[in-house]
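Here is the structure we will look at.
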Amino acid sequence: MDINGRQFKKFLERQEALKKHHVTDATEKQHAKGKLTARERIELLFDEGTFNEVDAYSRTASCDSTFGKMIDAYGDGVIIGHGKITGRTAFVYAQDFTVMGGSLGSVHAAKIAKIQDMALKMGSPIIGIIDSGGARIQEGVASLAGYAAIFNRNVMSSGVIPQISVIMGPAAGGAVYSPSITDYVFMTKGTSYMFVTGPNVVKEVLNEDVTFDELGGADVHMKKSGVAQFVYADEENTLLGVKKLLSYLPSNNLENPPIVESCDRNIELENRLREIVPDDTNKPYDVKDVIKLIVDKETFFEVAESYAQNVVVGFGRLVGKTIGILANQPKVLAGTLDINSSVKGARFIRFCDCFNIPILTLEDVPGFLPGIDQEHNGIIKHGAKLLYAYADSTVPKITVILRKSYGGAYCVMNSKNLGGDFNFAWPTAEIAVMGPEGAVSILYRKQLAESEDPEKLKKELAVRYRDEIANPYVADEKGYIDEVIDPAETRRKLIFAFEALENKHIGSPSRKHGNIPL
Ligand code: HXC
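Counting from 1, position 110 in the sequence shown corresponds to residue 109 in numbering that gives the first Met the number 0; the numbering is continuous, with no gaps.
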């Protein structure tokens with residue numbers, strides 16, 4: 000090729016035009032709002048010098064209505080491409096709020112759909128960085144159709160490649176639905192918000208005053224709605240969080256998660272596991288202390304830590320290999336399962352199952368949370384989601400019963416007959432239809448009514464109930480528990496058990512898909 004020829008000259012001119020186009024006041028505008036530009040975000044996300052842009056020269060579709068005035072921008076307000084994140088290929092799209100508010104028109108949507116198709120075909124994660132006012136009003140139905148095309152690809156990619164959404168500005172209207180289909184939503188405090196209809200519409204329709212942050216800020220979605228699973232104080236840390244999450248995940252559903260070299264544990268630390276569960280069965284403790292002593296040092300990465308805290312979910316590593324952990328949290332609502340924790344747990348189990356991540360369940364649950372509110376809002380169907388997710392999953396599944404395991408909650412938490420591969424219990428485990436106090440009150444109602452000292456009698460019967468029924472040894476002898484283990488041995492037992500399960504394979508009956516109680 001003649002590098003002084005016409006064609007090469009044109010190539011260079013185009014490059015020059017694009018460069019000039021990028022030098023606008025966009026950077027200042029974004030920085031003034033405490034935000035980075037789309038390009039800066041991409042640079043932080045990918046390993047240095049590895050990002051390759053696709054479709055940088057695409058132009059905004061023309062539009063000739065009264066409202067058709069649009070910026071003729073290179074790229075149409077979204078950057079798409081691929082690169083390496085900690086050495087592994089990933090695809091990205093990043094919306095540019097400085098181009099018509101990051102709104103989604105037909106070209107913008109086609110670019111996102113194109114990169115989604117590539118990520119799915121190549122079997123690599125896709126990260127969407129959202130900073131958008133939603134459907135581009137000037138382009139009308141073409142914008143709506145563009146969203147529908149993106150949603151369709153989100154669904155087709157679900158369970159095949161990890162899909163991560165990072166909200167770094169507004170995600171308004173149509174912009175919220177793609178993130179909510181993806182596996183995880185990250186938000187940045189103070190500068191990101193998500194809502195279907197904004198404060199102005201709320202005011203118009205309901206005459207209620209609400210700020211952007213109150214309606215759909217990071218705290219709201221992390222703590223109340225559960226829409227976001229990860230929230231960070233600034234954009235840089237948000238992107239570091241994305242990288243950390245990816246380090247636990249395989250690139251697609253046909254791969255296993257990457258193995259990371261990790262250090263061995265200190266036996267003395269593991270001995271502390273014997274001391275964590277208090278003798279008084281009604282005393283709370285922090286189950287995260289148990290998790291941290293079991294997994295490789297400093298590898299526990301919690302998911303949705305501020306939402307439905309009565310269940311703790313997250314990733315960790317055991318001798319370098321990723322596991323997913325679901326644990327009841329006795330510190331919150333006594334570790335009971337309620338609607339929100341069931342849904343949180345079910346979604347996490349489904350995710351692990353999609354991506355070949357073995358599941359460890361740490362159980363200390365007195366039962367489902369009683370109450371009119373729970374019943375009327377459907378604890379029956381929401382609790383069933385967790386049950387369904389466990390039973391439906393085929394990855395290696397191990398349960399350790401730390402303390403309480405009562406009633407329906409026993410069944411749900413990956414019990415043997417639901418499909419648990421190895422079911423262990425600590426000597427402190429209490430496994431029964433219900434707790435001693437409840438059981439004694441039902442079985443000895445008459446005797447207690449006639450007793451001179453019902454409290455004393457109740458206590459005596461409760462002790463006998465524990466000795467005879469609510470302990471791990473009955474379940475062990477009947478095969479519902481594979482082994483009662485010394486708490487200090489938990490990590491070693493789990494390492495061997497997960498290794499034994501490495502070649503686990505179970506088929507499912509032929510069907511289109513099951514009908515999870517949504
Ligand atoms: C076209 C838009 C736009 C949109 C913003 N802009 N949203 N252009 N279509 N949807 C443009 C503005 O006109 C402005 O252009 C520039 O982007 C920056 O917007 P500002 O309003 O100045 O910014 P800010 O004050 O930060 O407010 C951001 C915002 C607000 C909260 C996102 O722009 C807003 O409320 N936008 C509309 C949000 C919305 O209701 N979207 C829903 C669309 S319906 P200039 O030229 O002045 O710089 C929808 C349904 C799809 O999405 C359903 C699919 C399932």
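Every residue, glycine too, gets a C-beta built ideally from N, C-alpha and C.
As the structure is a computational prediction, the values presented were derived from the model and not from experiment.
beta-carbon residue i near ligand 1 non-hydrogen atom, thresh 7 Å
i	result
PRO365	no
TYR183	no
GLY100	yes
LEU143	yes
PRO169	yes
GLN137	yes
GLY132	yes
GLY173	yes
GLY216	no
GLY189	no
GLY197	yes
TYR176	yes
TYR92	no
TYR146	yes
Buried/exposed call for residue i, threshold 16 Cβ in 10 Å
i	result
LYS32	exposed
SER392	buried
LEU244	buried
GLU362	buried
Residue i versus residue j: straight-line alpha-carbon distance, rounded
i	j	result
GLY172	GLU207	19 Å
ALA531	PRO124	Nothing can be reported for residue 531: it is not among the residues displayed for the chain, which extend from 0 to 517.
ILE128	LEU253	25 Å
SER250	GLU476	42 Å
GLU234	ASN51	21 Å
ILE480	ILE400	9 Å
SER246	PRO257	7 Å
GLN162	GLU498	28 Å
ASN151	PRO426	50 Å
LYS457	ASP466	14 Å
ILE430	ILE84	45 Å
PHE299	VAL310	15 Å
GLU301	PRO329	17 Å
THR360	LYS287	12 Å
GLY215	THR196	10 Å
SER224	PHE194	11 Å
GLN29	SER105	24 Å
ARG346	ILE515	11 Å
Span of the beta strand (DSSP E), counted from its first residue to its last, around residue i
i	result
SER246	That residue, SER246, is in no beta strand (DSSP E); its alpha helix (DSSP H) goes 234-246.
LEU317	310-317
VAL399	396-405
ASP230	For the sequence presented, residue 230 should be read as Val rather than Asp. It spans 229-231 - the beta strand (DSSP E) in which VAL230 sits, taken as one unbroken run.
Residue j beta carbon less than 8 Å from that of residue i
i	j	result
PHE96	GLY145	no
LEU368	LEU325	no
ILE166	VAL241	no
GLY334	VAL364	yes
LEU248	LEU272	no
ASN317	ILE494	Reading off the sequence shown, one finds Leu at residue 317, where the question assumed Asn. For LEU317 and ILE494, yes; Cβs fall inside 8 Å.
GLY366	LYS396	no
VAL342	LYS384	yes
beta-carbon residue i near ligand 3 non-hydrogen atom, thresh 7 Å
i	result
ASP1	Ligand 3 is absent from the structure shown, which contains only ligand 1.
Span of the alpha helix (DSSP H) around residue i
i	result
THR489	489-499
HIS21	5-21
GLY201	The identity of residue 201 in the sequence shown is Val, whereas the question assumes Gly. From DSSP, the alpha helix (DSSP H) with VAL201 extends over 198-205.
ARG463	453-467
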